[in-house]
Structures are given as C-alpha cells and as structure tokens.
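Counting from 1, position 289 in the sequence shown corresponds to residue 287 in our numbering; the numbering is continuous, with no gaps.
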Amino acid sequence: MPSAIPQNGSALHEEPKPWDPDHLRTRFVQALSEMYRTEVPLYGKLVDVVNQVDTTTLQSRGQSLNDLPSRFQLERHGAIRLGTQQEMRMISRLFAVMGMFPVGYYDLKMVGFPLHGTAFRPQTEESLRKNPFRVFTTVLRPDLISSPKVREMATSILSTRQLFSSRLIELIDQAETSALANLTAEDANNLIIESLKIFKWHSRSSVPLETYLTLKKEHPMVADIVCFPSAHINHLTPRTLDIDAVQAGMISQGLPAKDRIEGPPKRKCEILLRQTSFKALEERVSFAGDADHAIDGTHTARFGEVEQRGAAVTRKGRELYDALLAKAVGRSEKEDKDSDKVLKEVFAEYPDDWEVLRKEGLVYFRYRVAEDKAPVAGTHKLEGSVHINKLLKEGVVTCEPITYEDFLPFSAAGIFTSNLGGEKDGGTERKLQRTEEESKRSRVQLEGLLGRKIPSEIDLYDELQTDSVKECQALLGLSEIVLGA
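What follows is the structure, encoded as structure tokens:
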C-alpha cells in the first residue's frame, strides 16, 4: 500500500495565462512567502530546517527533493483574522479570483475565541495538484465580546478601517465581470501587489496604547484584530515529511519551539494533520499618543509553524479520532500523566495499517487503473459488478491515500493559545461556550455573509474518492465497482 505522498507526475505544460486562477495563486503565495521571510527572519530559518530534514529523510529512501510532487515544496498555509463582515465578504471575492473557495466551518467559540471562519482553498483535484495553498480565515464576532463598552469600541474602530485599496477592489470587479482575456499581465501584477498589502505587518498601531490594553484585557485576539491597519498574516506554514525531526531541529537551531506537537501521535500511517511552531515574536509597536507623539510598546501575534499532513479520514474515521482524542485528554487530566504518552497509548486503538484502514472504511483513497492494465479502446470490456478488493489483488487497480487538506480546530487552538501574548483571563474567554445548535446557526450566518454554502471537507473527500472509482469503472467498462463489505 503506498504512502500518503503521491508520486511526482509532472509533465510539460503550456505557459499559463496571467489570469489563470492556479497561476495567480502560485504567484501570490511565492510573493507572500518572500514578504514574510523579510518580515520574520526566523521563518526563513524554519524553512531551511524543513528543507534539511526533508533532504535527509528522502536520502534515507534513496530519493531527493526532485522526487517529490511539485506541490510539496510550494505548499503553504496561512492564517488571517478579519474584523468585519464586509472584510470577510471581500476577502472571499479576492480568493475566488485565485481559485480558492470556502471549505469547512470552524466555530472557535468552542475553544474560547470570539471568532468563526472557514478555510479558503482549491477544491478540485487538478487545482490541488498544482498548488494547494490554503488560508485559515476567521472573522471577529462582536456579539461574543462580553463587555458592551469593549464591543462598541472595537466595532467603532473597525468601521473606519480600509483593508482593501480602491485599486484592488477595481481589479476584483474587473475579474468578476470581464472576460479574463481582456485583463492584462500588468493587471495581474497589480492584483498581487495590492493583495499583499492586506497581509503586510505594520509596526504602528492605529489606536492609543490605552485602547490597545483595554481590548487586550478583554481578549488578546480582539486587540490583534482591531488595533492594526492590516490583517497581518500571523503565520505561513511549510509542509514537512518528518515533523518530529523538524521539532528537534528547531530546538538544536535555538528556535523557541513549542513544547509539544499538536494532532495525532506519530504513526506508520499518518492521518490528518500534525503541527508545531516556534513561539510568537514580541515585536516593537508604536502607539498613537498626544500631539502626534508615538508611545513605544510591544505586541505578540506572529509566529512560525510547520505541519506534516497525512491521509484524509472518513466520517467514521473522524468519529473514532475525536472519541480517542477526548479519551486521551480525559485520562491526562484525571491521571496527571504526560499528555503525549497518554495520547500514544490511547491511539493504539486506531488501526495503523493502510490495508486495514481502507477495508474498515476509515481513510479515503484515490483509485487508478494500473497503467499496464488499462484496456485498449475497442478491444475488450469487463462487464458487471466487481469488488474493489478483487481489482486491487489482481493489480488491475492501484490506490493511494487522499491527502488531508484542511485543519483541526483543537490543534489550531493549541498553536494559537501558546502564542497569545499577555493576559488570558478576560471576561470574553471565560464566557465562551458552545452548543451544537448555536454552532449550526452561526454556520448559516457565515454562509449568508459569503453568499454560498460552505461544503464539509469530508463530503469533498468522499466526492474525490467516488470520482476516482467512477473513472476506473469507465476505463474498465464495468457497470459498478463495489467499495463496501
């Protein structure tokens, strides 16, 4: 059974058009990475550690970085926090121009943050293969700020912020209403330049220090969102083949690494997502003072993160994962044991063999007809219904796990919480609790704001697997390929 890393299937392609969404997305993430490397030099150091680890890992397999799929080294995810519904609506339009659409709903009220959001990313197999850039995008929910005074203060400040330049809005309008062929390469360049301004860090706050401290006391994330003129990206995450080695490498390089890796324990068959980070920088900030005199202070928000992605799990697989995670957390708290040790012990119940994971319906797979088994058109056909296990056993069909492209709320919360600066005892954090019904209502609200349904990531993986089975059926001339028992 193959690993969750697909083989490199690169081929010669035509020169992409300037306004091709996949090409725009790739240009944007490359520019964003360069900007973030300049702003946060430790990010560059982290990328170097990742490259060193991946090179060593591949050498142990008799491979090199050139053997990885082209998407792997390009792959990044970012995260931004927006302040208003208008900003969320506009960022959705911008990301759509880059071929990125909302997937999955994340109610961060469940982890004590007055935010909710979604992940903007490509949805099709082809676009994911070219560049799976994803942005975890959340928006402030003023209704979850417990203090009426702070709520009014935050909404008043945000009402005057202009996050999107008039030129960027004009370009988005053009992209949506014009034939893309009418837009020039210079227009595409301008779109990248103007978009970067949204994600850029500003060391000068748009509010006085007293206001910043008031908002920070209520909740650090409220201050981070409200007090700056941009929605500065707070991390940009490369993907690695061995996150445990990267964690050790960060420590050896003197990076202020997080204490533990978030997500499932290390396994032979990696599932979902494992993440770690170096702790957020304490950055110098100038706050507005009397008579235009700036007051010096600090702010903590931006950090370096790295991830290792495994296989996408089915609904059954996710239910098992969530149940085991809850069991591990409960045991750690009750027995006062090392959480990583308990997690590993508990997750021994989760199968760690690709064939077992496939047969038990815990992981999604991409099925393909073996190159030497595809029938020549018009020569013969296989008729009727055949079980997938028979086709796999005979070597007619091959499969590989589908990569998990999304996020884990508790893992994200663990990263964010470890990087929040200052006090975390504000009234908002204490009072945030979630019910399932409330989460459903807030999801509908976000969908109304975006003007579209937010698909479940599990439904999209199911669709990818189903489409691959149908493709095999068509190539083999079968009426049905059976997956279940």
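Glycine included, each C-beta is placed from N, C-alpha and C at the ideal position.
Since the structure is predicted, the reported quantities are computational estimates derived from the model, not experimental observations.
Beta-carbon separation (whole angstroms), residue i vs residue j, contact threshold 8 Å
i    : j    : result
A309 : V344 : So it is not a contact: roughly 19 Å between Cβ atoms.
R132 : R149 : About 31 Å separates the two Cβ atoms, so there is no contact after all.
V394 : K371 : 5 Å
V283 : T296 : 6 Å
V367 : L473 : 5 Å
G76  : L44  : With a Cβ gap of about 14 Å, G76 and L44 do not count as contacting.
L166 : L271 : Contact doesn't hold; Cβ gap of about 31 Å is too wide.
V47  : G247 : 4 Å
Q83  : L447 : 5 Å
Selection from the options that minimises the alpha carbon distance to residue i
i    : options                : result
P227 : S145, T182, F285, S250 : F285
D185 : A326, I170, I479       : I170
F276 : I293, K264, G302       : G302
L161 : D222, G475, G81        : G81
N188 : W17, K371, D141        : W17
I196 : F111, L322, E436, H230 : H230
I386 : V442, L476, L444       : L476
A152 : E123, P112, A183       : P112
K468 : S193, F363, L30, R439  : F363
R87  : C267, E37, L138        : L138
K107 : R441, L239, T212       : R441
R439 : H114, R237, E398, Q50  : H114
L92  : R127, L194, T182       : L194
D257 : T464, G328, K391, S337 : S337
Sequence-distant residues of the same chain with beta carbon closer than 8 Å to residue i, five excluded per side
i    : result
I249 : A255
S383 : L476, S477, E478, I479, V480
K332 : none
L253 : L40, K43, L44, V47, F276, G302
G315 : I269, L355, G359, L360, V361
Residue environment, residue i, which counts as buried when at least 16 other CB atoms sit within 10 Å
i    : result
G482 : exposed
P130 : buried
G261 : buried
E73  : buried
P218 : buried
A410 : In this prediction, A410 scores a pLDDT of 49, lower than 50, which makes its location untrustworthy; the coordinate-derived value is nonetheless stated afterwards. Result: buried.
R202 : exposed
Q306 : buried
K450 : Per the sequence shown, residue 450 should be read as Arg rather than Lys. By the 10 Å Cβ count, R450 comes out exposed.
R25  : buried
G110 : buried
T135 : buried
A173 : buried
D320 : exposed
Neighbourhood of residue i by C-beta distance below 6 Å, restricted to the same chain and skipping five residues each side
i    : result
Y34  : Y41, L234
E455 : V101, G102, D404
L279 : R300
S466 : R364, Y365
K325 : V344
Any chain B beta carbon closer than 8 Å to residue i
i    : result
I241 : The structure shown contains no chain B, having only a single protein chain.
Own chain partners of residue i with C-beta closer than 7 Å, once the 5 adjacent residues on each side are dropped
i    : result
Q71  : L63
E124 : none
I445 : Contrary to the premise, residue 445 reads as Glu rather than Ile in this sequence. For E445, where only same-chain residues beyond five positions count, the Cβ hits under 7 Å are K451, I452.
In the stretch 146 to 186, which residue ranges form an unbroken alpha helix (DSSP H) of at least 4 residues, counting only runs that do not cross its ends? DSSP runs (the alpha helix (DSSP H)) wholly in the stretch 146 to 186: 146 to 156, 164 to 175.
4 or more residues per run - each alpha helix (DSSP H) lying fully within the stretch 340 to 376: Counting only runs of 4 or more, we get 352 to 357.
Go through the stretch 289 to 341 residue by residue and report every complete run of the beta strand (DSSP E) that reaches 3 residues or more, in order. DSSP runs (the beta strand (DSSP E)) wholly in the stretch 289 to 341: 293 to 298, 302 to 307.
In chain order, what are the residue ranges of uninterrupted beta strand (DSSP E) at least 3 long that sit wholly in the stretch 215 to 267? Taken in chain order, the unbroken stretches of beta strand (DSSP E) that lie wholly in the stretch 215 to 267 and span 3 residues or more are 233 to 236.
Just list the beta strand (DSSP E) runs in the stretch 88 to 122, keeping only unbroken ones of 3 residues or longer that don't cross its boundaries, in chain order. You should have 99 to 105, 113 to 119.
Considering only residues of the stretch 1 to 89, which uninterrupted alpha helix (DSSP H) runs meet the minimum length of 4 residues and lie entirely inside it, listed in chain order? List check, alpha helix (DSSP H) in window: 19 to 37, 39 to 58, 68 to 72.
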